[in-house]
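Okay, structure first, notes after.
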Amino acid sequence: MTELTLYTNPMSRGRIARWMLEEIGQPYNVEILDFGPPMKNDEYCAINPMGKVPALRHGSHVVTEAAAICAYLAETFPEAGLAPRPEERADYFRWMFFTAGPVEAALTNHALGLEPPADKSRMVGYGSYASVVDALEKAISAHPYITGERFTAADVYVGSHVSWGIGFGTLQPRPAFTAYWDRLKNRKALNRASELDDAAVANMKKTSA
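In the UniProt record's numbering, the protein residues as written are 1 to 209.
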C-alpha cells in the first residue's frame, strides 16, 4: 500500500485533513510542524513552497490545500463512499470551492475588520460578507448535507468552516448553521481526529513549557 503522510499542526487547518483521513479509514503517518522556521525551511518548502500546512504526501505525490486534500482522498479511496455520485457532483464541487474561495476570504476579512467599500465590492470577488453568509445559509438549508441526503467529503470541508465560524464568532450562529453542524459533530471519525489533534496540542504545550 502506498504510504500516506500528513504534514500538519493541530492548531491549523490541518485539522480538516486529519478529519478526512480518519473518514477514509486508511493508515497514515503524521509529521507535526511548529509554526515559523520549521515550516519555512528548505526541506519542508520542497513539499509545500508556501511553507504552510496541511500538506499530504501520497507516495511520490503531494497535495496541498485542505479542500484539494479532501477531494483527492475521496476520489483516491472510493471505497470510503465520500466521493460524489453523478447526481451530487455539481453541488459537491460548487459548495466545496465556494467555501474554499468566497467563504474563506469573506470570513477572514470580516474577522480582520477589512470590509470592502460598496463601490469596490466587485474587486474582491466574493462581493460582501453578508451576501456570502446568506448564500452559505441557503446551501446548507437545501438538504441535510451539502450535496443532498448523505454525507460526503464536501461536508468535511464545509462543516469545518461552519464549526470554526460559529466557534470563533466570524460566522453568525444562525439556526441553519447550528443545525447543520449538529448533524456532523458526532461523527466517529471527527471525534477520533479531534482527540488526536487535542492530544498533540497538549503535548506541544508540555514540551514548550
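A virtual CB, placed ideally from N, CA and C, is assigned to each residue, including glycine.
Source: prediction; values computed, not measured.
Which residues DSSP lists as bridging residue 30, in chain order | 6.
Nearest-angstrom Cβ-Cβ length linking residue 147 and residue 84, presumed shorter than 8 Å | Contact between residue 147 and residue 84 holds, with the beta-carbon distance rounding to 6 Å and staying under 8 Å.
At least 3 beta-carbon pairs within less than 8 Å: the segment 97 to 115 vs the segment 37 to 54 | Not touching, per the Cβ criterion.
In angstroms, rounded to a whole number, what distance separates the CA positions of residue 186 and residue 58?
-> Rounded to the nearest angstrom, the two C-alpha atoms are 28 Å apart.
Would you please state the rounded distance, in angstroms, between the beta carbons of residue 190 and residue 184? I believe it to be under 8 Å.
-> Their Cβ separation, rounded to whole angstroms, is 7 Å, which keeps residue 190 and residue 184 in contact under 8 Å.
In terms of residues, what are the limits of the alpha helix (DSSP H) holding residue 192?
-> Membership of residue 192 in the alpha helix (DSSP H) is indicated by the continuous run 188 to 208.
For the alpha helix (DSSP H) holding residue 161, just list the boundary residues, first then last.
-> Here the alpha helix (DSSP H) through residue 161 covers 153 to 168.
Excluding sequence positions up to five away, which residues of its chain have a Cβ less than 7 Å from the Cβ of residue 13?
-> Setting aside the 5 residues that flank it on each side, residue 13 is surrounded in the same chain by 54, 66, each with a C-beta closer than 7 Å to its C-beta; the list follows chain order.
What number of angstroms, rounded off, separates the C-alpha of residue 193 from the C-alpha of residue 17?
-> About 9 Å.
Can you tell me where the alpha helix (DSSP H) with residue 111 in it begins and where it stops?
-> It spans 104 to 111 - the alpha helix (DSSP H) in which residue 111 sits, taken as one unbroken run.
Tell me, which residues are paired with residue 73 by DSSP?
-> When DSSP reads this structure, residue 73 sits in no beta bridge, so it has no partner.
Are there three or more Cβ pairs, one per stretch, closer than 8 Å when the segment 89 to 96 is compared with the segment 109 to 118?
-> No contact exists between the segment 89 to 96 and the segment 109 to 118.
Local Cβ density within 10 Å of residue 122, reported as buried at 16 or more and exposed below that | The residue is exposed, with fewer than 16 neighbouring Cβ atoms inside 10 Å.
For the beta strand (DSSP E) that residue 56 lies in, which residues bound it at each end?
-> Residues 55 to 58.
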